[in-house]
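So the structure is just underneath, and the comments pick up after that.
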Amino acid sequence: MHGSFLLCGVRGAVDYWGMHKLWELLVTPVKIKNSNLGHYMPKGKKEFIPFTGTEYTIKEVEDTLCKHFLAKPREEALKTTKFHLMRTLKGPPLTNDTHLLGSSFYFWWESSLSTEDVDEDFLDEWNSDTSSTEYSATEQRRRQTSSGSGSSQCSALSRVQLSVRARHLDNLRYIKTAASRIPKQPLPSPSTILHLGKSVAPPRPCHDGIPVEVYQYLVTDDWCSIKVEGPEHTVIEIEGFPDNPFASGSFQVAFKAKRITPCRFLTGTEFIFKQHNIDEYGVSEQNPIMQLTEESFKELERANERKTAKEVQVAAVCCSMCHHFSQECRTKIKDFGKEISVIPSVHVKLKSGQFPPWGSMEPYIQGRWYKFINNDGQVVDIGENPSEEVVEFGKKCQAFSHWTYKRFQGKAVVCDLQGTDFQLTDLEIASSDGSLFGIGNLSHYALEMFKMNHTCNVYCAALELEGSDEGIYDG
């Protein structure tokens with residue numbers, strides 16, 4: 001395998017005066033030690049390249065590297081150069097929409113470029129600081145032409161691509177820019193200057209967390225479709241990610257998360273991030289993700305997006321139905337008391353390269369959790385001597401499921417009701433068409449089990465649900 005490898009990362013730093021964020025590419029040239037790409041070693045110095053991108057995408061990174069090392073934009077360089085960006089030396093390849101902020105990756109290129117295509121200033125600067133050669137850029141070209149072979153060209157190009165160092169011009173520009181921010185006013189009194197010696201909390205760097213895209217799902221006013229808003233870009237911290245989840249279930253794992261930067265779809269700061277178990281997609285130690293082809297990897301990402309989108313879609317439908325259920329209860333039931341509600345959920349895509357990339361987030365609610373109805377429609381025993389509040393919570397959940405069954409005219413029912421303090425999450429909708437809604441839709445079986453197991457209570461009676469459906473028993 002021929003080409004040049006660079007270990008790269010996009011990082012954020014605060015300038016000398018603590019006033020601006022400077023985005024940089026941290027680049028380290030590496031040398032592959034054997035043919036299977038299993039080992040490598042650093043070769044050359046690290047370099048911090050100013051990065052002017054805004055989305056931290058592969059295209060922006062390639063453009064920055066091409067302009068810096070090859071002295072031409074990415075589009076022009078692609079005529080003679082093939083680029084590869086990979087999460088590890090063995091793969092998988094990065095997708096075009098991958099956000100690279102706060103992560104490391106490998107940039108490898110194969111090129112037929114001559115040294116004429118390389119930044120002359122960079123080549124001269126490299127030659128002036130390298131003991132292995134004393135040739136200038138002009139001398140390199142002369143020797144290359146006179147030799148009549150490609151060996152000198154490949155050698156010179158390899159040295160340029162693999163030898164990376166900081167540019168003095170960048171440092172000089174940085175010092176000049178910093179000097180321009182010095183206060184223009186004359187020095188104030190000594191006490192005012194001494195005040196500057198007090199502790200100042202530095203701004204929280206965004207690269208401490210994981211950049212994400214956030215999408216909000218809403219049921220339209222006419223109940224005919226789901227409206228998707230977004231993406232909103234933000235940065236989150238995920239506690240224990242990815243190996244130590246806060247909780248785990250049959251299909252997914254949950255982590256505590258904090259929002260670092262503002263996002264209009266995420267109110268508050270503490271959340272639960274939920275992600276599917278990786279084995280749901282056939283990935284295991286025997287079938288590692290790095291052995292997948294690029295197309296297979298993309299198909300897994302699309303499947304992950306579809307499944308998690310349906311879960312957020314179900315949450316949006318249940319949230320809207322629960323709101324209308326509470327409205328009807330307030331109208332028909334005097335002193336209804338505390339209303340039940342569904343915790344809103346948003347669709348989230350991690351931009352850090354982990355698989356699976358898609359998941360969901362919802363506000364973190366503390367308290368003891370209870371389950372009242374399973375996703376198979378069966379009523380759950382909440383144990384001995386429950387508090388009056390828990391009994392009330394359970395009855396309202398039972399009435400809500402019965403209310404949805406009637407609204408769906410027996411074709412569907414909201415089930416898998418669980419939560420704390422009259423707030424519900426992770427609900428499922430069982431429907432006669434099993435292809436609808438989420439992966440927890442047990443279809444006809446859940447509908448029949450709900451009809452057999454539900455017992456109407458005082459709230460069912462107040463809402464005039466008693467006896468409205470064959471097989472549902474009055475309490």
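Numbering (the UniProt record's numbering), first residue to last: 1 to 475. Don't be surprised by glycine CBs; every beta carbon is placed ideally from N, CA and C.
query                                                                                                                                                            : result
Rounded to the nearest angstrom, how far is the Cβ of residue 314 from that of residue 229, given a contact under 8 Å?                                           : Actually they are not in contact, since the Cβ atoms of residue 314 and residue 229 sit about 17 Å apart, beyond 8 Å.
With respect to the beta strand (DSSP E) encompassing residue 411, which residues constitute its N-terminal and C-terminal limits?                               : Element bounds for residue 411: n/a, residue is neither H nor E.
Using C-beta distances below 6 Å, list every residue in its chain close to residue 241, excluding the 5 sequence neighbours before and after it, in chain order. : 255
Run the CB neighbour count on residue 224, radius 10 Å, all protein chains shown included, and call it buried at 16 or more, exposed below.                      : exposed
Assuming residue 382 contacts residue 372 (C-beta within less than 8 Å), just tell me the rounded distance between them.                                         : 7 Å
Over the uninterrupted beta strand (DSSP E) stretch that includes residue 418, give me the two end residues.                                                     : 418-420
Look at residue 346 and residue 265 and say whether their C-beta atoms are less than 7 Å apart.                                                                  : yes
Roughly how many angstroms separate the alpha carbons of residue 319 and residue 445, rounded to a whole number?                                                 : 24 Å
Who are the Cβ neighbours of residue 281 in its own chain at under 6 Å, not counting the five residues just before and after it?                                 : 300
Inspect the beta-carbon positions of residue 396 and residue 211 and report whether they are closer than 7 Å.                                                    : no
From which residue to which residue does the alpha helix (DSSP H) around residue 404 run?                                                                        : 388-407
When the Cα atoms are used, what is the spatial distance from residue 422 to residue 412?                                                                        : 23 Å
Count the other CB atoms within 10 Å of the CB of residue 227; is the residue buried (16 or more) or exposed (fewer)?                                            : exposed
Around the C-beta of residue 249, are 16 or more other C-beta atoms found within 10 angstroms, so that it is buried, or is it exposed?                           : exposed
To the nearest angstrom, how far is the alpha carbon of residue 466 from that of residue 460?                                                                    : 6 Å
Using alpha carbons as the reference points, say which of 297, 321, 370 and 193 lies closest to residue 222.                                                     : 321
What would DSSP say about residue 439, mapped onto helix, strand or coil?                                                                                        : coil
Do residue 312 and residue 424 have their CB atoms nearer than 7 Å?                                                                                              : no
For residue 291, report the span of its alpha helix (DSSP H) as first-last.                                                                                      : Here residue 291 belongs to no alpha helix (DSSP H), and DSSP marks it neither H nor E.
According to the neighbour-count rule (16 or more other Cβ atoms, all chains shown, within 10 Å of its Cβ), is residue 198 buried or exposed?                    : exposed
Nearest by alpha-carbon distance to residue 219: which of 405, 344, 70 and 93 is it?                                                                             : 344
Just to confirm, is the Cβ distance from residue 430 to residue 333 under 7 Å?                                                                                   : no
Which word fits residue 79, buried or exposed, when buried means at least 16 other C-beta atoms lie within 10 angstroms of its C-beta?                           : exposed
How about residue 308 and residue 268: are their beta carbons less than 7 Å apart?                                                                               : no
Within 10 angstroms of its Cβ, does residue 401 collect 16 or more other Cβ (buried), or is it exposed?                                                          : buried
From residue 458 to residue 209, what distance separates their C-alpha atoms?                                                                                    : 49 Å
Check residue 158 in the structure and name its three-state DSSP category.                                                                                       : Only weak support is given to the placement of residue 158: the predicted model assigns it a pLDDT of 36, under 50, and the value that follows is read from those uncertain coordinates. Helix, per DSSP.
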